[in-house]
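Colleague:
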Amino acid sequence: MPKRNKERVLRLETQLQQLLDNAEVIQASYPEDACLLLIDHEKVLCYLPGTSIDLNIQVGAPISTLQGTVTLQALQSGQFEQEEKDSRKFGVPYISTASPIKENGRVIGVLSSIVSNRRIDMLRSEAEELTAISQELAATTEHMASVSNVIAKDLQELADESTLLKNEIRTIEHVLSKIKDTAIKSRILGLNASIEAARSGEHGRGFMVVANEIKKMADSSKDAVEGFEPQLKEMMKNMEKAIETIQQISAHSEEQSVIVEEFHQSFDHIVHTASELSKNANL
């Protein structure tokens, strides 16, 4: 073999040897449980099993035993390869990565790691659960906000109707006041008519009967109005109290609607954050 080629082979072997010599240090640098694999174009040069992940690969085994793995794919493609697997094979989820080792653009080997994905998988699961819970809470608060808005609207309509009723009661009070005033004037008119009838003697007897009836009707109207006035005033008092209560409830309802809407926006933000967390937990 020419001297130049021998030097190149030596350099290639030196690069792989450096990785081989530092394999345990490289394995220890992973924050999660990992196993490490180093190959060239012929065989397995190094294999370090993890605590929970062991591929049972023998050092010196031909690379044909690695069919279907990212390690062999990286050796053939010369590109970085990666895949994620669930826990069915080793009892824990894991991520396999394979990095081709090159010299002057030529692939001379592959360094692969199989790393436990337990924490990321757990994070992903919890993020998905958080997303589901947040979406449910967001839907609930949205419904609460909708109901609160309907209640606030109904209360406002009730307050408006109560105000109209209050105005109608005031109109009735005004009418009754006029009736009472007319009754008083009618009684005075009847009294004057009685006096004139008495002065007329026998000729005013018929007129006296009419005058007395006018006084009776005036007294009856006045008594009826005075009897109804306390009830009307009590009704007005209760109506004003009811309107005040409705307005207070309406104000509280509107305040609650604002708070519920803020809750809804917060849950929307949580849903978005949880979704992003779940998305980022996926490769």
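At position 157 of the sequence shown (counting the first as 1) the number is 156 in numbering that gives the first Met the number 0, and the numbers step up by one without a gap. Think of the CB as a built atom: it goes at the ideal place given N, C-alpha and C, for glycine as much as any other residue.
Would you mind working out which of Thr70, Thr170, Ile178, Arg87 sits nearest Gln81, comparing C-alpha positions?
Modeller: If you number the sequence shown from 1, residue 81 lands on position 82. For the residues Thr70, Thr170, Ile178, Arg87, the minimum Cα distance to Gln81 belongs to Thr70.
Colleague: Using the three-state DSSP reduction, which class does Leu110 fall into: helix, strand or coil?
Modeller: Counted from its first residue, the sequence shown places residue 110 at position 111. Per DSSP, reduced to three states, the secondary structure at Leu110 is strand.
Colleague: The beta strand (DSSP E) with Glu80 in it runs from where to where?
Modeller: The residue you call residue 80 lines up with position 81 of the sequence shown. Run containing Glu80: 80-84, per the beta strand (DSSP E) assignment.
Colleague: Taking the DSSP output, what are the residues bridged to Pro99?
Modeller: Residue mapping note: residue 99 aligns to position 100 of the sequence shown, counting from 1. Val109.
Colleague: How would you write the range of the alpha helix (DSSP H) that Ile52 sits in, first residue to last?
Modeller: Counting from one through the sequence shown, the residue named residue 52 turns up at place 53. Here Ile52 belongs to no alpha helix (DSSP H), and DSSP marks it neither H nor E.
Colleague: Could you say if the segment 138-158 and the segment 257-264 meet the contact criterion of at least three C-beta pairs nearer than 8 angstroms?
Modeller: Yes, the segment 138-158 touches the segment 257-264.
Colleague: What would DSSP say about Leu136, mapped onto helix, strand or coil?
Modeller: Here residue 136 is taken as the residue at index 137 of the sequence shown, counted from 1. In the structure shown, Leu136 sits in a helix (DSSP, three-state: H, G or I).
Colleague: Under 8 angstroms, with one C-beta from each stretch per pair, do the segment 52-63 and the segment 122-131 reach the 3-pair mark?
Modeller: Contact between the segment 52-63 and the segment 122-131 is absent, because fewer than three Cβ pairs lie under 8 angstroms.
Colleague: Going by the beta-carbon positions, is the gap between Val91 and Ser115 smaller than 7 angstroms?
Modeller: Translated into positions along the sequence shown, residue 91 becomes position 92. Translated into positions along the sequence shown, residue 115 becomes position 116. Yes, the Cβ-Cβ distance between Val91 and Ser115 is below 7 angstroms.
Colleague: Using the C-alpha atoms, what's the distance from Met238 back to Ser124?
Modeller: Here the question's residue 124 lines up with position 125 in the sequence shown. Here the question's residue 238 lines up with position 239 in the sequence shown. Whole-angstrom Cα-Cα distance: 58 angstroms.
Colleague: Leu44 and Ile52 look like a contact to me (Cβ under 8 angstroms); what is the Cβ gap, rounded to whole Å?
Modeller: For the purposes of this step, residue 44 is taken as residue 45 along the sequence shown, with counting starting at 1. For the purposes of this step, residue 52 is taken as residue 53 along the sequence shown, with counting starting at 1. Incorrect: roughly 19 angstroms between the Cβ atoms, too far for contact.
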